[in-house]
Amino acid sequence: MESEKTDDQLHIFFFPLMAQGHLIPIIDMAMLFASRGLKATIITTPFHAPLVSKTLQSTQLSGNSHINVNVLTIKFPCVENGLPEGCESVNMALSHGLQQQFARATTKLGPQLSQLLQQHRPDCLVADMLFPWATDVAARHGIPRLIFHGTCYFSLCASLCVHRYEPQKIVSSDSDRFQIPNLPGDMKFTINQLPDVMEDVNTEFEKLYKTSKEVEGRSYGVLVNSFYELEPVYADHYKKIYSLSFFLGLSALSLLSPRIATSCTLKPTANTMSTIRDVDVVKGSAIVDE
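See below:
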């Protein structure tokens, strides 16, 4: 049952890409906002809805009963976009061709999102970076849209510099190292280390990524899953490029005590818990010097 919204309570819609790597940080973020007294609603597909609900229930049973997040579902247009029935996650699109069709299908979700915005009238929409069209949908309803990348400032800076300067095009092989221009620190990468979305400029996901960069200036801002003390060099660098960015703090760390983490349906990996312990013991040490 959907929780009631009081007159003075802000209501935030969260709309992640249908992929576990995008869904998990959105769940963490929605719970973080809800723990601060806001009404939070996650929009997802029927396939992911039980996963989200079980995770939220586990959190409530683990001593966080005050955290209440609603879930609304939309129909993912599988068959009409050449996908098998029930293919509602990027992880289910196993071939390159199916992944392209999946990306195209996400651009057809606008009318359903518009209907939900009209029906529930949230105060803000936090939508995945790979939903660039969501900015215009929200604007038609007079609702501000925030972009969520689900990553850190270093990744945002590196991705933006690669997108702008394309240093990967000067190397002769996928294993040759290149330096990213205008990125603090002596950072060198290979093409094999780049995200898939940057490796092939002709993919549908790359088109969505490029469009997302074009609409950032028309969005209300960017939410970053990080905090200033963790990566001040890259936080400052990104704010020089794009001033409307907001620190979330590491939302997963703020909610996932070891007791809660072991009970969640979407469990953090051993590497995740190791990272949490490492970050906890590193105090006052700069990871990257300017």
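The numbering of the sequence shown is the working numbering, which starts it at 6 and goes up by one. Where a beta carbon is used, it is the ideal one built from N, C-alpha and C, also for glycine.
CB-CB length for Ser67 against Met134, believed under 8 Å
Contact annotation, Ser67 with Met134: C-beta distance approximately 30 Å; criterion of less than 8 Å not satisfied.
In this structure, does DSSP put Lys44 in helix, strand or coil?
strand
Reference Glu234; option with closest CA among Phe159, Gln14, Leu15
Phe159
In this structure, what does DSSP give as the bridge partners for Ile72?
Looking at the DSSP assignment, Ile72 forms no beta bridge with any residue, so it has no partner.
Please state if the CB of Leu130 and the CB of Gly148 are separated by a distance shorter than 9 Å.
In the sequence under discussion, the amino acid at residue 148 is Ile, which differs from the Gly named in the question. Yes, Cβ-Cβ distance for Ile148 and Leu130 is below 9 Å.
Per DSSP, which residues does His16 bridge with? Please list them.
Lys44
8 Å CB neighbourhood of Ala98 in its chain, flanking five on each side removed
Leu88, Cys92, Gln104, Gln106, Phe107
Test item: CB-CB of Ala240 and Val227 under 9 Å:
No. Outside cutoff.
State the Cα-Cα distance for the pair Ser40 and Lys244, rounded to the nearest angstrom.
27 Å
Nearest neighbour of Ile29, chosen from Lys212, Val238, His154, Glu219 [CA to CA]
His154
Under 6 Å Cβ to Cβ from Lys126, same chain only, skipping five residues before and after it: list those, please.
What sits at residue 126 in the sequence shown is Arg, not Lys. Nothing listed; no residue qualifies.
Can you give the Cα-Cα distance for His140 and Thr112, rounded to whole angstroms?
The sequence shown places Thr at residue 140, rather than the His named in the question. Distance between the alpha carbons of Thr140 and Thr112 is about 12 Å.
Contact check, Ala110 vs Cys83 under 8 Å by CB: the rounded distance?
7 Å
Near Ser262, which residues of its chain fall below 6 Å by C-beta distance, leaving aside the five closest residues on each side in sequence?
Confidence at Ser262 is low in this model, with a pLDDT of 40, below 50, so its placement is unreliable and the value that follows should be read with caution. Closer than 6 Å at the Cβ level, and outside the excluded window around Ser262, lies no residue.
Quick check on the burial criterion: 16 or more other C-beta atoms within 10 angstroms. Buried or exposed for Asp179?
exposed
Cβ-Cβ distance between Ser224 and Ile152 below 9 Å
Cβ atoms of Ser224 and Ile152: closer than 9 Å.
If we ignore side chains and look at the alpha-carbon of each, how far apart do Pro116 and Ser164 end up?
30 Å
When DSSP builds the beta bridges, which residues end up paired with Thr49?
Thr49 is bridged to Thr78.
Measure the Cβ-Cβ separation of Lys44 and Ile17 and say whether it is below 9 Å.
With respect to the 9 Å criterion, Lys44 and Ile17 are classified as neighbours on the basis of their beta carbons.
In chain order, what residues of the same chain have a beta carbon less than 7 Å from the beta carbon of Asn197, not counting five sequence neighbours either side?
Only Asp179, Ser180 meet the Cβ criterion.
Within 10 Å of its beta-carbon, does Arg150 have 16 or more other beta-carbons around it, so buried, or fewer, so exposed?
buried
How would you label Ser94, buried or exposed, when you count the other beta carbons within 10 angstroms and need 16 or more for buried?
buried
Can Leu61 and Ile32 be called in contact, C-beta distance under 9 Å?
Cβ distance < 9 Å, so Leu61 and Ile32 count as in contact.
With C-beta atoms as the reference, is Ile47 less than 9 Å away from Leu22?
no
Within 10 Å of its beta-carbon, does Ile175 have 16 or more other beta-carbons around it, so buried, or fewer, so exposed?
exposed
Run the CB neighbour count on His242, radius 10 Å, all protein chains shown included, and call it buried at 16 or more, exposed below.
With 16 or more Cβ atoms within 10 Å of its Cβ, His242 is classed as buried.
Compute the distance between the beta-carbons of Leu114 and Phe81, then report whether it is under 9 Å.
yes
Of all the CB atoms in chain B, is at least one closer than 9 Å to the CB of Tyr170?
This model lacks chain B altogether, as it is built from one protein chain only.
Could you tell me the distance, in whole angstroms, from the CA atom of His101 to the CA atom of Glu219?
Whole-angstrom Cα-Cα distance: 25 Å.
Through-space distance from Gln173 to Asn69, alpha-carbon basis
46 Å
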